[in-house]
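Here the structure is laid out as C-alpha cells; the discussion comes afterwards.
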Amino acid sequence: MERLVPEDADGGSDPAPAADPDADPDERRTAGPLYVPVRLGSAGGHQLRFARTPLGARTAIGFTSSQRLTAVLGEGQAWIRLAEPALRALAEPLGAALVTVDPQLTAPAIGGRPSAAGPCARRALELPEAMAV
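Residue numbers in the sequence shown follow UniProt numbering, run continuously in steps of one, and reach 133 at the last position.
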C-alpha cells in the first residue's frame, strides 16, 4: 500500500500496532528506519533519489524492507537506512514536501541506450544550385 505523508502532518505516536486488524490503514504511523534509494553523486557522495506522484508532486521515497525496495527498483539499486524524520529533513529543502513509503508503481527501467539519431535534417538537404559555392 502506498502512503503519502504531507510535511505538516503531526508526528504523534503510533496509534495502533501494525498487526491490529481494526487499525485504520489511512492513519499516520511512524514507519521506523526506512530503506532509502540513493545514487552516487558527482562528488562521490550519495544523493537521495526522488520520484513524482501521479499528480506530479515531487516526493522522497522510502521502503520498509530491502525486499520491497528491490522488487520496485531492482537488484542494483543502492540504498541507505534513514528514519522518516531524517529523510523529511533532507528532502524538504530540495523541494520534496511529501514522503512516500513503499511506493509500488514505477516506470520500467530503460532497456538500453537510445538508437543513434540520423544526420541533422538541414545537413541532409541538398542546397539549390544557386546557393552552392
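Each residue gets a CB set at the ideal place from its N, CA and C atoms; glycine is no exception.
Since we're looking at a predicted model, the values are computed, not measured.
Item to complete: Tell whether a beta-carbon distance below 8 Å holds between V99 and G62.
Response: yes
Practice item. Could you spell out where the alpha helix (DSSP H) holding P37 opens and where it closes? Key: Segment P33 to L40 is the beta strand (DSSP E) holding P37; no alpha helix (DSSP H) there.
Run through the stretch 39-67 for me and flag every whole beta strand (DSSP E) of 3 or more residues, listed as ranges in chain order. 46-48, 50-52 and 58-62
Requested in this report: Give me the Cα-Cα distance between Q67 and P103, rounded to the nearest whole angstrom.
Outcome: 13 Å
Beta-carbon gap between P60 and L87 smaller than 8 Å: The displayed chain sequence assigns Ala, not Pro, to residue 60. Yes, Cβ-Cβ distance for A60 and L87 is below 8 Å.
Open item on the list: Applying the 10 Å Cβ sphere with the 16-neighbour rule, what's the burial state of L82?
Closed with: buried
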